[in-house]
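For reference, the structure is listed below as structure tokens.
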Amino acid sequence: DQQVKQNSPSLSVQEGRISILNCDYTNSMFDYFLWYKKYPAEGPTFLISISSIKDKNEDGRFTVFLNKSAKHLSLHIVPSQPGDSAVYFCAASADNTNAGKSTFGDGTTLTVKP
Amino acid sequence: NAGVMQNPRHLVRRRGQEARLRCSPMKGHSHVYWYRQLPEEGLKFMVYLQKENIIDESGMPKERFSAEFPKEGPSILRIQQVVRGDSAAYFCASSPRNRLGGYTFGSGTRLTVV
């Protein structure tokens, strides 16, 4: 049973346009959500997070939206740049005694075309 | 301040051999998390350690896998009698304390079992 799902394996966007990456979860105990970016042969890099008490968090070009009733979150990148091309992972945490124990989705490969 | 260092970057083992993966956390970090990424999948939590203690090993396979984080030196993930299904990328992350938030990951060790 996959508790965090990223249903789009890939997304292609033109440079300068908006990229929207989606993530759905099933475990209502999740209360903290994160997005990581990963380049080939590197470890994931933390991008942005959101607590379940919020519905939006913004950091520069990156905004994460959380819809708790739908158990859905999304990452918006505006404007998209070629350097944003990478695999994006959504992750969720529920365990304050082990805050690093995140459940990851399978990732969405974003390609930003010049 | 060096990031999380993992070595080796690539490790090839024959079936039945032992694999030892090392993770040196960031300076000042005493919490280490190990994750495994199978091809085309997201990262899966394996184990959470503090210095000289295993805090949560709920993601570790019951046999052949062990982890330690001694008082001195790096954290070690040990896989005995490797099988082809152990081929994966193994990542570690570190943190100064148990906290919600994005974690710093190493670049990973890619284990190939032949």
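Order-wise, the sequence lines are chains A and B.
Under the working numbering, the first residue of the first sequence is numbered 1258, with each subsequent residue one higher.
Under the working numbering, the first residue of the second sequence is numbered 21, with each subsequent residue one higher.
Think of the CB as a built atom: it goes at the ideal place given N, C-alpha and C, for glycine as much as any other residue.
Note that this is a predicted model, so its numbers are computed, not measured.
For Cys112/B, which option in Gly48/B, Glu60/B, Gly126/B has the closest C-alpha, if you only look at C-alpha atoms?
Within the second sequence, residue 112/B is the residue found at index 92, counting from 1. If we check each option's Cα against that of Cys112/B, Gly126/B comes out closest.
Taking only beta carbons into account, state which residues of the region 61-77 of chain B come closer than 8 Å to chain A, listed in chain order. Glu61, Gly62, Leu63, Lys64, Phe65, Tyr68, Ile75, Asp76
Of the residues Ala1327/A, Ser1337/A, Lys1328/A, which one's Cα is nearest the Cα of Thr1320/A?
-> Locating residue 1320/A in the first sequence gives position 63, counting from the first residue. Closest option to Thr1320/A, Cα to Cα, is Ser1337/A.
(message) Any beta carbon from chain A within less than 8 Å of Phe85/B's own beta carbon?
(response) Taking the second sequence and counting its residues from 1, one reaches residue 85/B at position 65. So, not an interface residue.
Beta-carbon spacing of Leu63/B, Pro1301/A below 8 Å:
Your numbering for residue 63/B matches position 43 in the second sequence. Your numbering for residue 1301/A matches position 44 in the first sequence. Cβ distance < 8 Å, so Leu63/B and Pro1301/A count as in contact.
**Report entry** Met66/B classed as buried or exposed, judged by whether at least 16 other C-beta atoms fall within 10 angstroms
**Finding:** On the second sequence, residue 66/B is found 46 positions in, with the first residue counted as 1. It is buried - the Cβ of Met66/B has at least 16 other Cβ atoms within 10 Å.
Inspect the beta-carbon positions of Val102/B and Val133/B and report whether they are closer than 8 Å. Looking up residue 102/B in the second sequence gives position 82. Looking up residue 133/B in the second sequence gives position 113. Yes, the pair counts as a contact, with Cβ atoms nearer than the cut-off.
Closer than 8 Å, Cβ to any Cβ of chain B: which residues of the region 1292-1304 of chain A, in chain order?
Tyr1293, Ala1298, Glu1299, Gly1300, Pro1301, Thr1302, Phe1303, Leu1304
Segment limits, beta strand (DSSP E) that includes Lys47/B:
Position 27 of the second sequence holds residue 47/B. Segment: none, Lys47/B is in no beta strand (DSSP E) and carries neither H nor E.
Going along the chain, which unbroken runs of the beta strand (DSSP E) with 3 or more residues stay wholly within the region 1286-1330 of chain A? 1289-1295, 1302-1308, 1313-1316, 1319-1324
Residues, ordered as in the chain, of the region 100-125 of chain B that lie near chain A by beta-carbon distance below 7 Å
Phe111, Ala113, Ser115, Asn118, Arg119, Leu120, Gly121, Gly122, Tyr123, Phe125
Exercise. Within 8 Å (strictly less), CB to CB, does Gly128/B reach chain A?
Worked result: Taking the first residue of the second sequence as 1, we reach residue 128/B at position 108. Closer than 8 Å: yes.
* **Alpha carbon of Gly1340/A to alpha carbon of Val1369/A, nearest angstrom** => In the first sequence, residue 1340/A corresponds to position 83, counting from 1. In the first sequence, residue 1369/A corresponds to position 112, counting from 1. Their backbone Cα atoms lie some 8 Å apart in a straight line.
Span of the beta strand (DSSP E) around Ala1373/A
Coverage of chain A is limited to positions 1258 through 1371, which leaves residue 1373/A absent and any answer about it impossible.
Please list, in chain order, all residues of the same chain as Lys1396/A whose beta carbon is under 6 Å from its beta carbon, the five residues on each side excluded.
Because chain A is modelled from 1258 through 1371, residue 1396/A falls outside the range shown and cannot be assessed.
Of the listed residues Arg1274/A, Leu1291/A, Ser1285/A, Leu1278/A, nearest to Gly122/B (C-alpha basis):
Position 102 of the second sequence holds residue 122/B. Closest option to Gly122/B, Cα to Cα, is Leu1291/A.
field: Residue span of the beta strand (DSSP E) that contains Lys82/B, given as start and end
entry: Reading the second sequence from its first residue, position 62 is the one you call residue 82/B. Run containing Lys82/B: none; DSSP gives neither H nor E here.
Taking the alpha carbon of Ala1327/A as the point to measure from, which residue in Asn1314/A, Asn1284/A, Lys1358/A, Asp1316/A has its own alpha carbon closest? Here residue 1327/A corresponds to residue number 70 of the first sequence, with the count starting at 1. The shortest Cα separation from Ala1327/A among Asn1314/A, Asn1284/A, Lys1358/A, Asp1316/A belongs to Asn1284/A.
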